[in-house]
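J.: Note that my numbering has the sequence shown beginning at 305, numbered continuously upward.
Cβ atoms here follow ideal geometry from the backbone N, Cα and C, with glycine treated the same way.
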Amino acid sequence: MIRSRILGTGRGLPPKVLSNADLERLVATTDAWIVERTGIRERRILDPSLATSDLATDAAREALEMAGVKPSEVDCIIVGTVTPDMPFPATAIFVQQKLGIGPCAAFDLSAACAGFIYGLSVGDAFVRNRQFKRVLVIGVEILTRIVDWKDRNTCVLFGDGAGAVLLGPDEQPDDALPRGILSTHLFADGAGADFLFMPGGGTRRPASAESVAEGLHSLKMQGKAVFSHAVRNIAASCVVAVEANGMTTADVDLVVAHQANLRIIEGVAQRLSVPLEKFHLNIHKYGNTSSASIPIALDEAVREGRVQPGMTLLFCALGAGFSWGSALVRW
Ligand code: UT7
């Protein structure tokens, strides 16, 4: 049987740090409020001279290097993002350009904070169908470009970053313990569309002097509604993931969850009866980087030696849409 495996991981993070103290000078907030309500202490902010594909390419290069695979061997680039370089062409095209490689498949996918899980699922299907052999899956966001810096409800939450994995095939004897991506589960419910969105810049409200004056080109969120859906749906998708593989949450060695709010992760941990120590946490350093948060956290865990062969990893996320999902991986 053929499965896809994660052959390498990487991340791209801007060096510039924006601390809670910096935000205290911008809006009516405090370090104490942000830490207590979210767990965030600082986030990264990309230099104005750079764009989404620059960070995405940094992450991709690291993943390729870890895997020992040359850029020219990549067959497909999938970028999960809601903050592309421009509406079109896809940010994946610019990543391809920057990697300096010839024709291969390259496209973006829009599933907000669940973008990496969606991308992983699509990349996994390509590999298992033998359509592509080496697939780069990247989650990247430059959210600091679309937050309203006057809205304390949202501007303190988000940061910039990119994470990437390289997928490749693994032929396994039928009697072997399955390894690689064991399953992915994807969900969406448009009933949540009004809770987190950016109204301007699309065909409904194209960019105009009026749309700018009305402040339509920044992210709007009803945090409380998103919070409760996140805890409930992320936990439910984790249960689906383990049960589909004949396991329980006790069999999971490491949970790499979307880093939106430490209290959401604590709520998920409680619902799943999984101790918080089994979650890789980095929200204090990077804030909410949307589709990038899982691959950044995974890369950290891998490079810190926290991920070892044979371990069972659970990825899970929920974001705008609502879109959410989970993936179970044996390393
Ligand atoms: O990535 C996936 C999508 N996003 C999420 O998953 C985020 C989900 N939501 C959340 O994480 C939380 O709802 C927030 C962190 C956004 C907000 O936390 P909360 O505990 O739900 O606070 P709240 O919105 O109910 O606000 C409580 C109070 C309000 O004041 P009043 O009305 O009680 O006087 C807010 O105005 O806190 C106030 N507040 C702040 N105070 C200081 C809101 N933001 C701030 C702030 N600093 N930055």
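DSSP three-state call for I450: helix, strand or coil?
T.: If DSSP states are grouped into helix, strand and coil, I450 belongs with coil.
J.: According to the Cβ coordinates, are T448 and D412 closer than 8 Å?
T.: No, Cβ-Cβ distance for T448 and D412 is not below 8 Å.
J.: Within 8 Å, do at least three Cβ pairs link the stretch 328-345 to the stretch 431-441?
T.: Segments in contact, no.
J.: State the start and end residues of the unbroken beta strand (DSSP E) segment that holds L602.
T.: Premise fails: L602 lies in the alpha helix (DSSP H), 597-607, not in any beta strand (DSSP E).
J.: Classify C408 as helix, strand or coil using the three-state DSSP reduction.
T.: The answer is coil: DSSP assigns C408 none of H, G, I, E or B.
J.: Compute every distance between the C-beta of R341 and the non-hydrogen atoms of the ligand UT7, then say whether any falls below 7 Å.
T.: Because some heavy atom of the ligand UT7 lies under 7 Å away, the Cβ of R341 counts as near it: yes.
J.: Determine the burial state of W628: buried for a count of at least 16 other Cβ atoms within 10 Å of its Cβ, exposed for fewer.
T.: Its Cβ being crowded by 16 or more others within 10 Å, W628 is buried.
J.: Roughly how many whole angstroms lie between the Cα atoms of I538 and A415?
T.: The straight-line gap from Cα to Cα measures roughly 15 Å.
J.: Exposed or buried, which one is R347 when buried takes at least 16 other CB atoms within 10 Å?
T.: Its Cβ being crowded by 16 or more others within 10 Å, R347 is buried.
J.: Where do the N-terminal and C-terminal ends of the beta strand (DSSP E) with F392 fall, by residue?
T.: No beta strand (DSSP E) contains F392, which DSSP labels as neither H nor E.
J.: Would DSSP call P319 helix, strand or coil?
T.: P319: coil per DSSP, three-state reduction.
J.: Which residue comes first and which comes last in the alpha helix (DSSP H) that contains G427?
T.: Unbroken alpha helix (DSSP H) run through G427: 419-432.
J.: If I follow the unbroken beta strand (DSSP E) through S353, where does it start and stop?
T.: That residue, S353, is in no beta strand (DSSP E); it is neither H nor E in DSSP.
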